[in-house]
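K.L.:
If you scroll down you'll find the structure; I have some questions about it.
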Amino acid sequence: MTLAPPPFNHPKADVILRSSDDIDFCVFKLFLSLASPHFDTVFNSPQSPYRPEAKAKLSVMSLPENSSTIDILLRFCYPSTLVDDPDLGDPGIFKILAEVVCAAKKYSVEVITKKVGLALSDAKVLEKDPFRVFAVARHSQLEKETRLAATYTLRQPLIPPKIPELNLISAMDLLKLLDYRIQCTLAVRDLKNLPLLNTPEWTLCPVHSPKNAMGKKKVKLDIIINKDEGVAVENSRGSSWKEN
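If you count the sequence shown from 1, you need to add 6 to reach the numbering used here.
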């Protein structure tokens, strides 16, 4: 077995977490118990299945997650004085966010779900990769972030790029996203038929799109109407598209 890098190789650790790729994380039960009700229950249960191995002084917990996922999980469990939180916007980490959220829910580490939600709500990330964010959020069952990412996809071409994250979601999820786009487009086209008498050249109309399949809430839109250039749409987060 291979030891994980610092700080997860401390000689005074009192439990070992072993990843699916045979990396041993020597960690402290106290930190994990404080961050996770799941680990707290496991460590304090008299019926715990985890016992010291024949040649090991510490109890070994074999986990189904790989070392990259466990490393991120533990960094959120440990105090900030010992280890920094991972940069969830890092491309290498972003690729496994769905696995991280799945592990966080499994082991009841709520702080990770909140931090991932904040990372997926970052405007720069949404502008750059809205379909990637949508897929990760949908797979992770983060409803608020899924709806937000859906609005940012309106600025992109109808057919999403070929990204591996799309394998995380179903064809039905993509159909719902397409239906959402169609409903928003129809709402904008209806506005083009409104009379523009006694209005300035540019008219700002805050409206709500029809209730859509992507979430329970309607999407707030600002409709900017120009007699010559058509209709431009901007949502409350700044994402926009245009219907001529």
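By construction, the Cβ of each residue, glycine as well, lies at the ideal position given by its N, Cα and C atoms.
Every value quoted in this text rests on a predicted model; they were computed, and no experiment measured them.
Give the range of the alpha helix (DSSP H) segment to which residue 140 is assigned.
P.N.:
Start and end: 136-145.
K.L.:
Looking at C-alpha atoms only, which residue of 116, 103, 180 and 122 is the closest neighbour of residue 44?
P.N.:
It is 116.
K.L.:
Residue 175 and residue 144 - do their beta-carbons sit closer together than 8 Å?
P.N.:
Cβ distance < 8 Å, so residue 144 and residue 175 count as in contact.
K.L.:
For residue 183, I'd like the list of residues in its chain whose CB is within less than 8 Å of its CB, leaving aside the five on either flank, ordered along the chain.
P.N.:
Excluding positions up to five away in sequence, the list reads 140, 156, 159 and 220.
K.L.:
Look at residue 71 and residue 109 and say whether their C-beta atoms are less than 8 Å apart.
P.N.:
Cβ atoms of residue 71 and residue 109: closer than 8 Å.
K.L.:
Is it right to say residue 154 is buried, meaning 16 or more other beta carbons lie within 10 angstroms of its own, or is it exposed?
P.N.:
Label assigned to residue 154: buried.
K.L.:
Between which two residues does the beta strand (DSSP E) carrying residue 66 extend?
P.N.:
Where residue 66 is concerned, the enclosing beta strand (DSSP E) stretches over 65-68.
K.L.:
Grouping DSSP H, G and I as helix and E and B as strand, with all else coil, what is residue 165?
P.N.:
Three-state DSSP puts residue 165 in coil, outside helix and strand.
K.L.:
Which value, in whole angstroms, describes the spacing of the CA atoms of residue 38 and residue 7?
P.N.:
Rounded to whole angstroms, residue 38 to residue 7 spans 22 Å at the Cα level.
K.L.:
What residue from 68, 42 and 52 has the CA that sits closest to residue 29's CA?
P.N.:
That would be 68, whose Cα lies nearest to the Cα of residue 29.
K.L.:
Hey, residue 32 and residue 50 are a contact pair by Cβ (cut 8 Å); roughly how many whole angstroms apart?
P.N.:
The pair is not a contact, with the Cβ atoms about 20 Å apart (cut-off 8 Å).
K.L.:
Less than 8 Å between the C-beta atoms of residue 92 and residue 102, yes or no?
P.N.:
No; because the gap between Cβ atoms is not below 8 Å, this pair is not in contact.
K.L.:
With distances taken from CA atoms, which of 19, 73, 98 and 52 is nearest residue 2?
P.N.:
Outside the shown range of the chain (7 to 250) lies residue 2, about which nothing can therefore be said.
K.L.:
What does residue 8 pair with, by DSSP beta-bridge criteria?
P.N.:
The partner list for residue 8 (beta bridge, DSSP) reads 29.
K.L.:
Could you check what DSSP says for residue 15 in three-state terms: helix, strand or coil?
P.N.:
Note: residue 15 maps to strand in three-state DSSP.
K.L.:
Let's test the definition: count the other Cβ atoms within 10 Å of the Cβ of residue 177 and tell me whether it reaches 16, buried, or not, exposed.
P.N.:
Exposed is the call here.
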